[in-house]
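The sequence shown lines up with residues 57 to 215 when you count with this note's numbering. Below is one structure, written out as structure tokens, with a few remarks after it.
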Amino acid sequence: MEQDLKHLYPYSVKLSENAVSYEFLTENNIQYKIAFDDISDMGIEGMYSFSLVKISNETKADGRVKYTIIDIFKNFFRCNKHSVFYLCDIADKKEKARHRLFNLWFLSDDFHYKLIKINEKITVNEQSYYMSIIYGKDNPNEDSIKQFYTLNIDQLKEK
57 MEQDLKHLYP YSVKLSENAV SYEFLTENNI QYKIAFDDIS DMGIEGMYSF
107 SLVKISNETK ADGRVKYTII DIFKNFFRCN KHSVFYLCDI ADKKEKARHR
157 LFNLWFLSDD FHYKLIKINE KITVNEQSYY MSIIYGKDNP NEDSIKQFYT
207 LNIDQLKEK
């Protein structure tokens, strides 16, 4: 029975010394790196950018990646002052699929009820950008976070 449920378990994650980046290796030997980069210098305590990098070009689907990323987010948002801003990578023209998949993963677990996630799609010179901000419902910096997000949207629109 446990073997049948194996696909629902997250992978073991290696946490960096600074506790804001994670790495894990899938059973198909695909390595992922997830980083939360501190951008608090932009005026909001606990503001981070988020990136997810697949180190390999392998494309084999693996449902455990979803559970691993959800676990990482759950751990990250244990601090009620953390917020995450991200812009989906546009390099390979798969930004819409990335945005859709991450949103599905985000909504698939009950932890999202404790968070606010604001999504935005902006088109500049025929290029669509998908960006989001995520923060806890009890984050004391909510007003500043919304201002930061609006400012970034406006700056992108001006390009």
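Cβ coordinates follow ideal geometry from the N, Cα and C atoms, glycine included. Note that this is a predicted model, so its numbers are computed, not measured.
Handout entry: Contacts around Asp213, its chain only, beta-carbon distance under 7 Å, and the 5 residues preceding and following it disregarded
Key = Looking at the sequence itself, residue 213 is Lys, so the reference to Asp does not match. Around Lys213: Ile178 and Val180.
Exercise for the section: Can you tell me which of Ile126, Leu171 and His138 puts its alpha carbon nearest to the alpha carbon of Leu157? Expected result: Ile126
Problem - Sequence-distant residues of the same chain with beta carbon closer than 7 Å to Asn195, five excluded per side - result: Asn136, Lys137, Ser139 and Ile201
Handout entry: Opening and closing residue of the alpha helix (DSSP H) in which Ser200 lies
Key = Glu198 to Lys213
Practice task
Give the straight-line distance between the Cα atoms of Glu198 and Gly99, rounded to the nearest whole angstrom.
Solution key: 13 Å
Practice task
Give the DSSP-derived three-state secondary structure of Ile126 in the structure shown.
Solution key: helix
Exercise for the section: Buried or exposed for Ile189, please, with buried defined as at least 16 other CB atoms from any protein chain shown within 10 angstroms of its CB. Expected result: In summary, Ile189 is buried, with 16 or more beta-carbon neighbours lying within 10 Å of its beta-carbon over all protein chains present.
Practice task
Starting from Asp93, follow its DSSP beta bridges and name the residues at the other end.
Solution key: Ser105
Problem - Residue nearest to Phe132 in terms of C-alpha spacing, selected from Ile209, Met187, Tyr78 and Leu207 - result: Tyr78
Handout entry: First through last residue of the alpha helix (DSSP H) which encompasses Glu151
Key = Glu151 to Leu163
Exercise for the section: Below 8 Å on the Cβ atoms is my guess for Tyr123 versus His155; work out the distance and round it to an integer in Å. Expected result: Actually they do not touch by this definition, with Cβ atoms about 20 Å apart.
Problem - Beta-carbon proximity of Val76 to Ala91, cut-off 8 Å - result: Less than 8 Å separates the beta-carbon of Val76 from that of Ala91.
Practice task
Grab the span of the beta strand (DSSP E) containing Ser77 for me, first residue to last.
Solution key: Ser77 to Leu81
Practice task
Go ahead and pull the three-state DSSP assignment for Phe133.
Solution key: Three-state result, Phe133: coil.
Handout entry: Rounded distance between the beta-carbons of Arg120 and Pro66, thought under 8 Å
Key = 6 Å
Handout entry: Exposed unless 16 or more other CB atoms sit within 10 angstroms - verdict on Ile128
Key = buried
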